[in-house]
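Student: This structure is in structure tokens; I'll ask about it shortly.
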Amino acid sequence: MFVIRLIGGVGNQLFQYTFGQFLRHKFGVEVCYDIVAFDTVDKGRNLELQLLDESLPLFETSNFFFSKYKSWKKRLFLYGFLLKKNNKYYTKYAPEEISLFTEKGLSYFDGWWQYPALLRDTINNMEDFFIPKQPIPVQIQKYYNEILLNNFAVALHVRRGDYFTSKYAKTYAVCNVEYYTSAVNLMCEKLRSCKFYVFSDDLDWVKSNLILPSNTVYVKNYDINSYWYIYLMSLCRHIIISNSSFSWWGATLNRNFHKIVIAPKYWSTKKNNTLCDNSWIKI
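Shown next as structure tokens:
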């Protein structure tokens, strides 16, 4: 059995789920998902994938399973897990090692698995999966209806939150006012008309710092499954993303053949990585 750990926000969960489906098809092995992190080490997050898979295959953990813990406790219980014959633990994709899997063992995958090129075909083959299995929430029905009818709808995602705290700013504070201003101006140049739909965890900051057209719609944040906002972004004709897996999925799941995606050139200040597709405009 292959077990994939689900942890983090909905964008990360989508990568982890998709990676599990990639492994299932490639190796023909049963795949389950470990969600214990949301009750233990990642209590600030919620499992969001029920909206897409109402019968998510789950892995049952014992009280002493390592994924329930951090630091030395995790290392201790992980050591015990690996003492069992044929058990494996992966934090990186290593196909040569994974292919040695035996039916008697358990392979556990603990990571973010943000490999767009590796997962591209899997994502394309999962098109039906990414359609929500529940009715549109009444809170966002008006946005949904309007976006569907608007041939010039442009999603604009502004990620603030923890990216601009002292802990993460040096690494992830890539998308600043200059980036968004350049992206908005470029999108307006490329389209004869456009209407922006702003998705952000800090709408007040957006209104105070970005100069946007008067017809801009600021999509309110309601207490609903976060995937609904990715879905709304994907329905817009075009999109400006931030360095976030949240809007990366909004752009990737957009099925407009002529879509324009504007993205940051680098995903972090280290300038050595990007999740962007080659067809996207990077600034």
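Note that the working numbering numbers the sequence shown so that position 140 is 120, with each residue one more than the last.
Virtual Cβ for every residue (Gly too), placed ideally from N, Cα, C.
#1: Less than 8 Å between the beta carbons of GLY34 and GLN(-7), yes or no?
#2: For LEU27, which three-state DSSP category applies?
#3: Just to confirm, is the Cβ distance from ILE220 to ILE242 under 8 Å?
#4: Give me whichever residues DSSP pairs with ASP14 in a beta bridge.
#5: Determine the DSSP secondary structure at HIS269, reduced to helix, strand or coil.
#6: Using CA coordinates, which residue listed in GLY24, GLN(-4), TRP185 and ASP19 is at the minimum distance from CYS12?
#7: So for VAL21, helix, strand or coil by DSSP?
#8: Is ALA74 helix, strand or coil by DSSP?
#9: Unbroken alpha helix (DSSP H) runs of length 4 or more, entirely within the region 147 to 196: which are they?
#10: With contact counted as at least three CB pairs below 8 Å, one residue from each stretch, are the region 230 to 239 and the region 201 to 216 in contact?
#11: Taking 8 Å as the cut-off, decide whether the C-beta atoms of ASP279 and ILE(-16) are in contact.
#12: Cα-Cα, which of THR161, PHE226, TYR152 and PHE176 is closest to LYS250?
#13: Take the Cβ of LEU215 as the centre, count every other Cβ of all protein chains shown within 10 Å, and call the residue buried at 16 or more, exposed below.
#14: Determine the extent of the alpha helix (DSSP H) in which ILE120 is found, giving its start and end residues.
#15: Using the Cα positions of GLY24 and ASP181, report the straight-line distance between them to the nearest angstrom.
#16: Under 8 Å between the Cβ atoms of LYS68 and SER87?
#17: By the three-class DSSP mapping on this structure, what secondary structure does SER87 have?
#18: Alpha carbons only, please: which of HIS238, CYS256, PHE237 and ILE240 is nearest the one belonging to TYR246?
#19: Classify ASN195 as buried or exposed, calling it buried when 16 or more other Cβ atoms lie within 10 Å of its own Cβ.
#20: Give me the Cβ distance between PHE265 and LEU98, rounded to the nearest whole Å; I'm assuming they're in contact under 8 Å.
#21: Leaving out five residues before and five after ASN205 in sequence, what residues of the same chain have Cβ atoms less than 6 Å from its Cβ?
#22: Short of 8 Å in beta carbon distance, which residues of its chain neighbour TYR202, apart from the five on each side in sequence? Order them along the chain.
#23: Considering only residues of the same chain and omitting the five flanking positions on each side of ALA163, which have a CB-CB separation below 7 Å?
Tutor: For this structure:
#1: In the sequence as presented, Gly is not what sits at residue 34; that position holds Glu. By the CB criterion at 8 Å, GLU34 and GLN(-7) fall outside the cutoff.
#2: coil
#3: yes
#4: Paired residue(s): ARG(-15).
#5: For the chain, the structure presents residues -19 to 263; residue 269 sits outside this window and is missing.
#6: Ranking the options by Cα distance to CYS12, first place goes to GLN(-4).
#7: coil
#8: ALA74 falls in the coil class under three-state DSSP.
#9: 149 to 152, 157 to 170 and 183 to 189
#10: yes
#11: Since the first residue shown for the chain is -19 and the last is 263, residue 279 is missing from the structure and cannot be characterised.
#12: TYR152
#13: buried
#14: That residue, ILE120, is in no alpha helix (DSSP H); it is neither H nor E in DSSP.
#15: Whole-angstrom Cα-Cα distance: 15 Å.
#16: yes
#17: strand
#18: CYS256
#19: exposed
#20: The structure shown does not extend to residue 265, since the chain spans only -19 to 263, so no value can be given for it.
#21: GLU28 and LEU31
#22: Correct list, in chain order: PRO117, GLN119 and ILE120.
#23: ILE220, ILE242 and ILE263
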